[in-house]
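Residue numbers (our numbering), protein chains in the order written: chain A, 276 to 418; chain B, 276 to 418; chain C, 276 to 418.
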């Protein structure tokens, strides 16, 4: 069995942003040597996310806009209070809630060395609390 | 290690529909010969979804009704514009958002040749933009 | 390949509650002997959930509060009707919808015998319809 894990660093540029990471995931799958198996992709942060949708800018905007409609930044969140362990005010409850809403991971099969996914399925790293340096994981498992 | 991947075709009949695919997934797990491992089920489309809930018609209706309440068809979506690559107006932003909301995959353990899941857990293919011919994937991995 | 599956019982104490199960999952991974692979964690119930967010009480409250804002208990649900097979009125549609919204599982890589996750990522069992005795699954797979 081949099991490979890559930690990928990503510098986000905006407060909220959908970044297409499909080419990077495909590159890692190819380099892994796994012919049949699966790939898991996962963010390491609780104020970012990872999701799959069609890869077009208008949809990226719709996701960010309508996630903010459901979880507005200025709601009366419990998390908007002084956090001892951070030495500052919590202010990103909406980012955490969006992360839970859209999810933090995806998993696809690998067949003959290639990810098996629909032609329009695009893997997005979702920044909800940037700009920040972020890390996501790509694990390839198979033979 | 046994790794099997099945592509299942499904003709949906309505604009929105929750289709119980649990028996098909169980059949594929049984045919795979895997005694211990896991099964991943995944839609291949960005305007459909895959989720797990109790298998009763009133809940199927509640999910579709309340997803539409959160993402109404007639919201002012960015995706509602002319799409060059499609040669037509984008009109299904709500379907993409519902797909992200409810998720696109599930994963269960297999033990002694059987899926280990709660007695009320039912695997649903979710059509949000039908009727269409759809494909979902069932991958079985183990030994 | 090592494949281990544990069924963990959990008595919830409130109608709605977020319970940090990270230490238990880490303990099972350690005991499995798997050095490299993955761990899947999954609830067995359709009115509970499983999700990953930062492990602080104010966020636990925000998730429960704002899930209830999106799916209020007193909405006009189809599921609020007499259920023959249960011999009682369905009354927990909101719990099922929250389960779908927040998700029912998570999956992390294992490397050198340890779960690879962000320092703030905390695994939560989410009770939306308690108090009840619940079961969740922890599957470890690797070598």
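Idealized CB from N, CA, C, for every residue including glycine.
- Per the Cβ contact rule, the region 314-325 of chain B is in contact with the region 379-386 of chain A (3 or more Cβ pairs under 8 Å).
- Proximity of chain C to residue 375(A) at the Cβ level (cut-off 7 Å) is accounted for by 326, 328, 338, 377, in chain order.
- Nearest CB-CB separation between residue 316(C) and chain A: not below the 8 Å threshold.
- From the listed residues 342(A), 378(A), 277(A), the smallest Cα separation to residue 369(B) is found for 342(A).
- Residue pairing by DSSP places residue 312(B) opposite 385(B), 417(B) in a beta bridge.
- The CB of residue 382(A) comes closer than 8 Å to the CB of 315, 317, 380, 382 in chain B, given here in chain order.
- Per DSSP, residue 338(C) is one residue of the alpha helix (DSSP H) stretching across 332-345.
- Residues of chain B whose Cβ lies closer than 8 Å to the Cβ of residue 278(C) are, in chain order, 311, 312, 417, 418.
- The three-state reading of DSSP puts residue 405(A) in coil, since its state is none of H, G, I, E or B.
- For residue 341(A), the nearest beta carbon of chain B is closer than 8 Å to its own beta carbon.
- Cβ atoms of residue 410(B) and residue 282(B) come within 8 Å of each other, at about 5 Å.
- Shortest Cα-Cα distance from residue 403(A) to any of 286(A), 388(A), 373(A), 418(A) involves 373(A).
- For the set 391(C), 292(C), 415(C), the Cα lying nearest the Cα of residue 331(C) is the one of 292(C).
- With respect to the 8 Å criterion, residue 303(B) and residue 311(A) are not classified as neighbours on the basis of their beta carbons.
- Counting only Cβ-Cβ distances below 8 Å, residue 345(C) has contacts in chain A at 345, in chain order.
- The beta carbon of residue 280(C) sits closer than 6 Å to the beta carbons of 414 from its chain, once the five residues preceding and following it are set aside; these are given in chain order.
- Around the beta carbon of residue 337(C), a 10 Å sphere encloses 16 or more other beta carbons of the protein chains shown; the residue is thus reported as buried.
- In terms of beta-carbon proximity, residue 412(B) stays away from the interface with chain C, with every pair separated by 8 Å or more.
- If the five residues before and after residue 367(A) are omitted, its C-beta is found closer than 7 Å to the C-beta atoms of 322, 404, all from its own chain and listed in chain order.
- In this chain, the alpha helix (DSSP H) harbouring residue 377(B) covers 368-377.
- Annotated three-state conformation of residue 391(C) is coil, per DSSP.
- Boundaries of the alpha helix (DSSP H) harbouring residue 307(C): 297-307, taken from the DSSP string.
- Taking a beta-carbon distance threshold of 8 Å, residue 362(C) does not count as an interface residue toward chain A.
- For residue 287(A), the secondary structure class from DSSP, reduced to helix, strand or coil, is coil.
- At a Cβ-Cβ threshold of 8 Å, residue 400(B) and residue 325(B) count as neighbours.
- Around the CB of residue 393(B), 16 or more other CB atoms lie within 10 Å, so the residue is classed as buried.
- Taking C-beta atoms as the reference points, residue 417(A) and residue 327(A) fail to come closer than 8 Å.
- Under the three-state reduction of DSSP, residue 281(C) is assigned to strand.
- Residue 284(B) is outside the set of residues whose beta carbon lies under 8 Å from a beta carbon in chain C.
- Those residues of the region 384-395 of chain A placed with their C-beta closer than 8 Å to a C-beta in chain B are 384, 386, 391, 392, 393, 395, ordered along the chain.
- Spanning the alpha carbons of residue 298(A) and residue 378(B) requires a straight line of approximately 22 Å.
- Not a single CB atom of chain B sits nearer than 8 Å to the CB of residue 372(A).
- In this structure, the straight-line span from the alpha carbon of residue 284(B) to that of residue 320(B) is close to 12 Å.
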